[in-house]
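In our numbering, the protein residues as written are 14 to 194.
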C-alpha cells in the first residue's frame with residue numbers, strides 16, 4: 014500500500030463560528046483511518062457571488078483555489094445546515110462556481126445535512142451533486158435532524174444513534190477508497 018495519504022476536501026456549509034457542521038467534520042477528521050488526510054474548508058463567505066461572465070475567462074483567485082482543492086482531492090465531504098428549507102446561499106454559491114467544470118465528475122463524495130430539520134436541503138444537495146456528476150452511494154448520505162441537541166459545546170457527539178450513524182458513514186466512505194488500494 015502506498016504511503017501517500019488519501020486527500021479529502023471537507024466543505025463546511027455553515028458560515029457560523031463553531032457551527033455543528035464544523036463539529037461534525039472535525040469528528041470525522043478525528044475518527045477516520047490514518048490513511049486519510051482531511052482539510053476542512055471554512056471560507057464559503059469569502060467566495061464572491063457567482064457571476065457567469067467571470068466563470069471561465071477570468072475567475073477570481075479564491076474561486077480558482079477552491080476549485081483546485083476539489084480537483085486535487087481524492088474525495089469530498091460536504092456537511093451543511095438547512096436555512097429556510099433550502100441550502101445556505103453561501104454553499105449553493107460555491108457549488109455554482111463548479112457547474113461549468115468537471116471537477117466533481119466521478120469524485121467520491123459524502124453528503125451530510127445536519128440541521129433542525131434538514132430534509133429539503135438534503136434533497137436539494139443530492140440533486141445538485143447528481144447534476145455535478147459527483148459519485149456517491151446511499152451509504153454515504155446522512156441526514157441528522159435536531160443536530161443541536163446531539164452535539165455538545167466541545168464538539169462531542171452526545172447522541173448514541175448519531176455517533177453510530179456518523180461512524181458508519183465514516184466506515185462506508187473509507188471503504189470506497191480502501192477497496193481501490
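Each residue gets a CB set at the ideal place from its N, CA and C atoms; glycine is no exception.
Only a predicted model underlies this, so the values are computations on that prediction, with no experimental measurement involved.
Start-end ranges of the beta strand (DSSP E) lying completely within the region 60-93, minimum 3 residues: 88-93
Residues sharing a beta bridge with residue 148, DSSP: 121
Sequence ranges, alpha helix (DSSP H) only - wholly within the region 131-180, length at least 4: 132-144
Contacting residues, own chain, Cβ-Cβ under 7 angstroms from residue 161 (five flanking each side not counted): 33
Exposure label - residue 186; buried when at least 16 CB within 10 Å: buried
Residue 13, buried or exposed, once every other Cβ within 10 Å from all chains shown has been counted against 16: An answer regarding residue 13 cannot be provided, because it is not within the stretch 14 to 194 covered by the chain.
Distance, residue 64 Cα to residue 70 Cα: 11 angstroms
Where residue 107 falls: helix, strand or coil (DSSP): Assigned with DSSP and collapsed to three states, residue 107 falls in helix.
DSSP state of residue 98 mapped onto helix, strand, coil: coil
Stretch pair the region 87-98 + the region 119-137: three plus CB contacts closer than 8 angstroms: The region 87-98, when compared against the region 119-137, does touch it at the 8 angstroms Cβ threshold.
Classification of residue 26 by the beta-carbon crowding that lies within 10 angstroms, buried from 16 upward: buried
Nearest-angstrom beta carbon gap, residue 67 and residue 112 [assumed within contact, 8 angstroms]: Residue 112 to residue 67, Cβ: 13 angstroms. No contact.
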